[in-house]
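So in full-length UniProt numbering the end of the sequence shown lands on 492, straight run, no missing numbers.
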Amino acid sequence: MKAIELINPLKSKEFSTNFSDSLEITKVTQDTREVEPGSLFVCIIGSLHNGHELAKEAVQKGAVLIVASEPLDVDVPVVYVNNTMKAMAILAAAFFDYPSQDLRVIGVTGTNGKTTVTHLLDYIFHDHKEKTGVIGTMYRRIGSEVYETKNTTPDSLTLQKTLREMKENGVQTCSMEVSSHSLVQGRVWGTDFDIAIFTNLSQDHLEYHHTMQKYAEAKSLLFSQLGNGYQQDKPKFAILNFDDPVGRSFEEKTAASVFSYGIDQPADFKATDLRITNKGTRFNLNFENQVYEVQLQLVGKFNVSNALAAIAGAYAAGLELPSVIQSLSQISGVRGRFEIVKGEYDFAVIVDYAHTPDGLLNVLNAVNEIKTGNVFCVVGCGGDRDRTKRPIMAEIAQKNSDTVIFTSDNPRTEDPDAILNEVVAGLEEDSYQLIPDRREAIQSAIQQAAPNDIVLIAGKGHENYQIIGTEKIHFDDVEEAEKAILIKNIDK
Ligand SMILES: CC(=O)N[C@H]1[C@@H](OP(=O)(O)OP(=O)(O)OC[C@H]2O[C@@H](n3ccc(=O)[nH]c3=O)[C@H](O)[C@@H]2O)O[C@H](CO)[C@@H](O)[C@@H]1O[C@H](C)C(=O)N[C@@H](C)C(=O)N[C@H](CCC(=O)O)C(=O)O
Ligand SMILES: Nc1ncnc2c1ncn2[C@@H]1O[C@H](COP(=O)(O)OP(=O)(O)OP(=O)(O)O)[C@@H](O)[C@H]1O
Ligand SMILES: N[C@H](CCC[C@H](N)C(=O)O)C(=O)O
Ligand SMILES: [Mg+2]
C-alpha cells in the first residue's frame with residue numbers, strides 16, 4: 001500500500017523532508033518485535049517503554065517510515081503527529097480498509113456485565129441466522145473459529161485485523177467488549193460502532209484511572225465518540241442503564257439516539273415483576289405500552305439488567321422483540337458466569353467471575369436469594385490491580401456468606417501473602433478462614449459443605465490459568481471443583 005494513502009487521514013503536523021510519494025508500506029506495527037522490511041513503525045509512549053527510544057531499532061529491522069510525536073533523528077522519513085496512539089488506530093483502520101463500516105459493530109462498556117451482554121447479543125444474532133463474531137475477555141471469535149487474546153479489547157492493529165477477517169468471512173454482527181483502558185489508550189479510535197451499550201460503573205481499576213470521576217470519563221468516550229466514525233450516515237444508538245446515575249449522565253454526552261433500560265428507575269425498556277429461582281429468572285418487559293414475559297435460564301437480578309441491555313441492543317439493530325425474547329430464553333449461561341459445576345453431589349458449587357466489589361455483592365445476593373442451606377464463599381483478589389478494592393470485597397464476602405475462605409487469585413508480581421494481608425485487614429480474626437493455596441481452599445470448602453449448601457468460587461470464572469509472578473500456569477476453578485467433589489465422594 002502507498003504510504004501517502006495511509007498517512008493522508010492522519011492530519012499530520014509535519015513530514016520530514018525525505019518523504020517520497022512512491023514509498024510503499026507492507027506492514028504497520030507499534031512493536032519492534034513485529035517489524036519487517038517495508039514496515040511503518042508507530043512510536044507509542046507506554047507505561048513501560050517509550051517507542052521513540054525504540055525507533056532506531058525499528059529502522060535497523062527494516063522500518064521505512066516512522067510516525068512519532070517527539071523529535072527523532074533516524075535515516076528514514078518521519079511523520080509527526082500530536083497523538084501517536086490515535087494515529088496508530090487511524091492507520092490500522094486505513095491499512096485494513098475500514099472494516100467496521102461493513103459490519104454491524106456493537107460495543108459494550110461498563111465495569112461488570114460486558115462479557116455476559118456480548119454473549120447474549122451474539123447468541124441472539126446467531127439464532128437469527130446471522131454469522132457473528134465476538135471480541136472480549138475470553139477470546140476473539142470469528143464464526144466458530146476461536147483466537148486467544150491478551151486484552152479484553154485488543155490493541156488497534158489486532159482489532160482492525162480481526163474486524164477485517166470478520167468482514168472477509170461474512171460476519172454480519174460483531175459484539176465487542178470495550179474496556180476503559182482501551183478507550184483511554186485510543187485502541188478503538190477508528191472503529192465505527194453502530195450501537196454502544198453501557199452496563200454499569202462501580203469501583204475497579206483505580207490503580208489506572210485513580211478516581212471514579214476519571215474512570216467514568218473514560219467510559220463516556222464510547223458515547224461521545226459514537227457517530228464520529230467514518231460512515232456517519234448509518235443510524236447510531238446508545239443503550240444506557242438508567243438504574244445507574246452514570247448511565248443517565250451519558251445521555252448528554254452522545255449525539256446518537258438513546259434507548260434507556262432499567263429495573264428500579266423509569267426507562268424505555270423496563271423490567272418489572274422479577275421472580276428469581278435456582279433454575280432461572282422471569283420478568284415482565286415493559287416497552288412502548290406493551291408487556292412481554294421474559295424467561296431466562298440465567299440467575300440473579302443483575303442478569304435481568306444484562307438481558308435488558310441485550311434486548312435493547314437487538315431491538316436497536318432492527319430485530320423483533322418476541323423473537324429476541326424467544327432466543328434469550330434458550331441461553332443456558334455464559335462460561336464462568338454463575339456456572340454450576342456438574343456432577344453427582346447433593347450441594348451446589350458455582351464458579352463465577354466476580355472480581356469487583358459490586359460484582360461480588362450481586363452474585364452473593366443472587367446466591368442468598370436461592371439458598372436452602374449455608375453459603376461458602378472462596379475468593380481472593382488479583383495482584384497488580386486496584387489495591388483499594390481488596391478490603392471492600394473482603395467485607396462483602398464475609399457479611400454475605402456463612403463461611404468465607406480467602407485465597408489467592410492471580411497474584412501476578414505481588415507477594416500472595418501480602419495481598420491476603422490487605423484483603424483481611426479490616427476483619428475480625430475469627431470471622432474467616434485463610435487458605436492461600438487456591439486448590440486447597442476449593443477442596444476445603446467442598447469438604448465442609450453439607451447437603452443443600454452452596455459453595456461459590458469467585459474471581460476467576462472462565463480463566464484456565466493462574467498468573468504467579470510473570471508465569472501463567474494451568475489452573476481451572478471448574479476442574480478443581482470437579483476433582484474436589486470426586487475426592488469427597490470417594491472419602492464418603
Ligand atoms: C496498562 C496497559 O493497559 N498496558 C497496555 C499497553 O501496554 P504498555 O503501555 O505497558 O506498553 P509498553 O510495554 O510500555 O510499550 C510501549 C510501546 O513500545 C512497544 N515496544 C515495547 C517493547 C519492545 O521491545 N518493543 C516495542 O516496540 C510496545 O509495542 C508499545 O507500542 O498497551 C498494550 C498494547 O495495547 C497492552 O497489551 C497493555 O495491556 C497490558 C497487557 C494490560 O495488562 N492491560 C490491562 C490492565 C488492560 O488493558 N485491561 C483491560 C481490561 C480491563 C477490564 O475490562 O476489566 C483490557 O482491555 O484488557
Ligand atoms: N450487570 C451486572 N452488574 C453487576 N455485576 C455483574 C453484572 N453482570 C455480571 N456481573 C458480575 O460480574 C462478573 C463478571 O461479569 P462479566 O464477565 O460479564 O463482566 P465484564 O464486564 O466482562 O468483566 P471484565 O471487566 O473482567 O471484562 C460476573 O461473574 C458477575 O458476578
Ligand atoms: N479484566 C480484569 C480481570 C480480573 C480478573 C481477576 N481474576 C484478576 O486477575 O484480578 C483485569 O484484568 O483486571
Ligand atoms: Mg469481560
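C-beta atoms are modelled at their ideal positions from N, C-alpha and C, and glycine is treated no differently.
- Bounds of the beta strand (DSSP E) holding Thr403 are 403-406.
- A distance criterion of 7 angstroms places the beta-carbon of Gly359 in contact range of ligand 2, judged by its closest non-hydrogen atom.
- Ranking Gly133, His119, Gln101, Ala238 by CA distance to the CA of Asp192 puts Gln101 first.
- Going by DSSP, Arg282 is part of the beta strand (DSSP E) stretching over 280-287.
- Between Ile45 and Gly51, the C-beta spacing is below 8 angstroms.
- If you check the C-beta of Thr152 against ligand 2, you find a heavy atom less than 7 angstroms away.
- If you compare the alpha carbons of Thr407, Asp409, Lys389 with that of Glu207, the shortest gap goes to Lys389.
- Between the alpha carbons of Leu319 and Ser327 lies a distance of about 11 angstroms.
- Non-local C-beta neighbours of Gly186 in its own chain, meaning closer than 6 angstroms and more than five positions away in sequence, comprise Met85, Lys86, Ala89, ordered along the chain.
- Assigned with DSSP and collapsed to three states, Met88 falls in helix.
- In the three-state DSSP reduction, Glu344 falls in the coil class, being neither helix nor strand.
- Lys131 sits away from Val105, with the two beta carbons spaced by 8 angstroms or more.
- For Asn306, no beta strand (DSSP E) encloses it; the enclosing alpha helix (DSSP H) starts and ends at 301-316.
- Contact annotation: the stretch 366-379 touches the stretch 390-407, with at least three C-beta pairs closer than 8 angstroms.
- The beta carbon of Glu344 sits no closer than 7 angstroms to any heavy atom of ligand 4.
- Per DSSP, reduced to three states, the secondary structure at Leu103 is coil, with no helix or strand assignment.
- In terms of CA proximity to Glu177, Gly107 leads the group Tyr465, Val146, Gly107, Val478.
- At the C-beta level, Asn112 and Thr199 come within 8 angstroms of one another.
- Between the stretch 147-161 and the stretch 343-353 there are fewer than three C-beta pairs closer than 8 angstroms, too few to call the two in contact.
- Looking at the DSSP output, His474 shares a beta bridge with Tyr465.
- The Cβ-Cβ distance between Phe338 and Leu298 falls below 8 angstroms.
- At least one heavy atom of ligand 3 falls within 7 angstroms of the beta-carbon of Asn410.
- Between Thr162 and Ser179, the C-beta spacing is not below 8 angstroms.
- Cys174 is bridged by DSSP to Val105, Gly133.
- Its chain contains Lys86, Ala89 as the residues whose beta carbon lies nearer than 6 angstroms to that of Trp189, once the 5 sequence neighbours on both sides are disregarded; these appear in chain order.
- Shown here, Ile195 sits in a strand according to DSSP, grouped into three states.
- Apart from sequence neighbours up to five positions away, the residues of its chain that approach Lys460 with a beta-carbon distance below 6 angstroms are Asp477, ordered along the chain.
- Secondary structure in the UniProt domain "Mur ligase N-terminal catalytic" (24-94): the alpha helix (DSSP H) runs of 4 residues or longer, each lying completely within the stretch, are 55-60 in chain order.
- Burial is judged here by how many other beta carbons sit within 10 angstroms of a residue's own beta carbon; Asn82 has fewer than 16 and is exposed.
- By the Cβ-count criterion, Arg141 is buried, with 16 or more other Cβ atoms from all chains shown falling within 10 Å of its own Cβ.
- Under DSSP, Ser156 forms no beta bridge with any residue.
- Just measuring C-alpha positions, the residue of Asp244, Arg275, Asp346 sitting nearest Ser260 is Asp244.
- If the five residues before and after Ile276 are omitted, its C-beta is found closer than 8 angstroms to the C-beta atoms of Val299, Gly300, Lys301, Ala366, Glu369, Ile370, all from its own chain and listed in chain order.
- Proximity of the beta carbon of Ala307 to ligand 2 is not indicated: no heavy atom of the ligand is located closer than 7 angstroms.
- By the neighbour-count definition (other C-beta atoms within 10 Å, threshold 16), Thr407 is a buried residue.
- Gln443 is the residue among Gln443, Gln466, His462 whose C-alpha sits nearest the C-alpha of Asp491.
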